[in-house]
Amino acid sequence: MQSQALIAVTRNVSSSLASCELSYMPRSSIDILRATAQHHAYRLALGSLGCKVLPLPAEHGLPDAVFVEDVAVVLDEVAILTRPGAESRRTEGAAVARVLAHYRPLRAIEAPGTLDGGDVLRVGRKLYVGRSARTNAEGAAQLQAWTASFGYEVQEVSTHGCLHLKSAVSQVAEGTLLVQPAWIDKAVFADFRLIEVDPAEAHAANALWVGDGVVYPACFPRTQRRLEDAGIAVTPVDMSELQKAEGAVTCCSLLLREGP
Ligand code: CIR
């Protein structure tokens, strides 16, 4: 049987990125040309790992639209359009939904629910949902309702001091998670092999698992070393400008298997 392509839905950097939402970082000047070049290199990295990259045009009126992960949760059976916690981000999903409609039936989180895709970590049939400033109990409950018939189980996870659950934990290999124990209770993930970020690299827990390795920010060499020592192949990318907008590697794409 031919293996299905992995599609990466991405969206080019908005010229208004500097007006992005910020929660934990001070605003600093963002070089848009550099951010655009870094995003281009990110897409090339995904392509080099076998993804079919779909680049949506930039939405210049929507500063955070490059962070497509937050507007949908895509599972094999269904895609759930989120209702992002930040009001400025609520219209970002429309263009992404038009693309996803070609691949999955669509469902949606409705008010008063809020949910950011960055708060959803899928591991098999388990959907860990971060309770953050962006995602509320109603959003998590609606996600459970839309996915229960496919056998998914939502488990809420408290987060402290970070934007999203996936700022604090991401999957890097089968059965293996990369964690920042300062921002979540790592006991929740006791059944996994855990790799902790290097204490000098607080923001290093977000990696994008693709195929046999991860796409990973080049600015965390100590944690990169821990990943490599654990046998994980790392494709480094420079994300410095997108990081000034509190972006990371998972948030710039939505990965989905083509076909049923
Ligand atoms: C925001 O605050 O919503 C954006 N500036 C950054 C979103 C990053 N998203 C993600 O990590 N999933």
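Read left to right, the sequence shown gives residues 1097 to 1356 (my numbering). Beta carbons: idealized from backbone N, C-alpha and C, even for Gly. These figures come from a predicted structure and were not determined experimentally.
Under 7 Å from any heavy atom of ligand 1, does the C-beta of C1116 make it? yes
Any heavy atom of ligand 1 closer than 7 Å to the beta-carbon of A1161? no
DSSP three-state assignment for C1147, whether helix, strand or coil: strand
Buried or exposed (CB count within 10 angstroms, at least 16 for buried), E1270: exposed
For Q1100, which three-state DSSP category applies? coil
Identify whether K1282 lies in helix, strand or coil by the three-state DSSP scheme. helix
Mind checking which residues open and close the beta strand (DSSP E) that includes K1222? K1222 to R1227
Helix or strand or just coil, what does DSSP make of V1192? helix
Taking the straight line between their C-alpha atoms, what separation do you get for A1360 and L1142? Since the first and last residues shown for the chain are 1097 and 1356, residue 1360 lies out of range.
Taking the alpha carbon of A1314 as the point to measure from, which residue in A1182, A1300, G1307 and D1308 has its own alpha carbon closest? A1300
The segment 1170 to 1180 / the segment 1196 to 1209 touching (three or more Cβ pairs under 8 Å): yes
Cβ-Cβ separation, L1274 to V1265 (assumed contact under 8 Å), whole Å: 7 Å
Secondary structure of S1266, DSSP reduced to three states: strand
Have a look at M1097 and G1355 and give me their C-alpha separation to the nearest angstrom. A caution first: M1097 carries a pLDDT of 43, below 50, which makes its placement in the model unreliable, though a value can still be read off. About 13 Å.
Using a Cβ-based criterion (distance less than 7 Å to any ligand heavy atom), does L1239 qualify as near ligand 1? no
Alpha helix (DSSP H) segment containing A1241, residue limits: A1233 to T1243
Assign S1110 to one of two classes, buried (16 or more other C-beta atoms within 10 Å of its C-beta) or exposed (fewer than that). buried
Just how far apart, CA to CA, sit L1150 and D1215? 23 Å
Just to confirm the assignment, what range does the beta strand (DSSP E) spanning E1337 have? No beta strand (DSSP E) holds E1337; the alpha helix (DSSP H) holding it covers S1336 to Q1339.
Report the start-end ranges of each beta strand (DSSP E) in the segment 1154 to 1215 that is 3 residues or longer and not cut off at the edges. 1168 to 1170, 1175 to 1177 and 1202 to 1204
Thinking just about the alpha-carbon of each residue, which of L1323, A1298 and R1321 is nearest to the one in M1121? A1298
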